[in-house]
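Taking it in order: structure first as structure tokens, then the write-up.
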Amino acid sequence: MPTALIIGAGSRIGHATATAFAGAGYKVAVASRTVKPQDISTFTHFVFDAAKPETIGGLFESVRKTVGIPSVVIYNAYASHHTKPETPFETPLNVFSEDMNVNATSVWASARESVQCFEDLSSEKGGLGTEGATFIFTGNMLNDTVGPGFLPFGMGKTAAAHLVKYLALIAYPGKPYKFYWGDQRLADGVPMYTGLSGPAHAELYLSLAKDPEQGPWQQTFVEGKGYVEFPRREFAIPGQ
-8 MPTALIIGAG
2 SRIGHATATA
12 FAGAGYKVAV
22 ASRTVKPQDI
32 STFTHFVFDA
42 AKPETIGGLF
52 ESVRKTVGIP
62 SVVIYNAYAS
72 HHTKPETPFE
82 TPLNVFSEDM
92 NVNATSVWAS
102 ARESVQCFED
112 LSSEKGGLGT
122 EGATFIFTGN
132 MLNDTVGPGF
142 LPFGMGKTAA
152 AHLVKYLALI
162 AYPGKPYKFY
172 WGDQRLADGV
182 PMYTGLSGPA
192 HAELYLSLAK
202 DPEQGPWQQT
212 FVEGKGYVEF
222 PRREFAIPGQ
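Using this note's numbering, the first residue of the sequence shown is number -8, and each one after it goes up by one.
As structure tokens, then:
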């Protein structure tokens, strides 16, 4: 039975995804700062703070020992502090550093640990099965656009997008490891500012994990349709 690790197990995307993978026969581990009743009753929960990237190794080691070596890792954690458009440097350095840890540094550390898990499973007979291994980062539109108030958040997301793209296209194209960036959009390609669908993310993520082939690393998708390729364009999010 394969293992899936979901980092950032919120009540929407995280929980819906964990439920979907459990229903598909995966052993599911979830990691978040707080313990939620639904996590305790259904999944194996690990207390984890993504603002502390130095603890990533310990998290993966605990998951390995308690649940199993994950062949699917989904990173949902994020941190965002709003800043005024006219004062882009008002964020205190310590807050900026914590946000970058959650949105970029811990993503890099998680990807590194994930690949080590994939390598270890590859060395075992039948360890990865026919579906291979999958790392998915829950992204948004900020690698393609800018928006008032989202400077630190966008910087972290853009760094994570570059990492995912690099791993998918350069580092491991010859191995059965897949790397994805999930970005839910409206039907016309406009970014979703609110109302993200947990079930839609779960459906897409499970399909990506089940497909043995690497698809487009930037998975822009629409609820009810799945992946949709939209023309890349630079645009600014309207002020709020």
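Here a beta-carbon is modelled for each residue, glycine too, at the ideal position from N, C-alpha and C.
- Taking the Cα positions, Val63 is about 34 Å away from Thr82.
- If you draw a straight line from the Cα of Gly49 to the Cα of Asp179, it comes to about 42 Å.
- For Ser62, the enclosing beta strand (DSSP E) starts and ends at 61 to 66.
- Trp172 sits close to Gly130, with the two beta carbons spaced by under 8 Å.
- Judged by their CB atoms, Ala151 and Asn92 are not nearer to each other than the 8 Å cut-off.
- For Phe126, no alpha helix (DSSP H) run applies; the uninterrupted beta strand (DSSP E) run containing it begins and ends at 124 to 129, by DSSP.
- The residue among Ile127, Asp90, Tyr163 with its C-alpha nearest the C-alpha of Ile(-2) is Ile127.
- Counting C-beta pairs with one atom in each stretch, the region 140 to 151 and the region 189 to 204 have fewer than three that are closer than 8 Å, which means they do not touch.
- From the listed residues Ile65, Gln209, His73, the smallest Cα separation to Ala102 is found for Ile65.
- Sixteen is the threshold: since fewer than 16 other Cβ atoms of the shown chains lie within 10 Å of the Cβ of Glu77, the residue is exposed.
- Contact between Ala70 and Glu89 holds: CB atoms are separated by about 6 Å, below the 8 Å threshold.
- For Phe212, the enclosing beta strand (DSSP E) begins and ends at 209 to 213.
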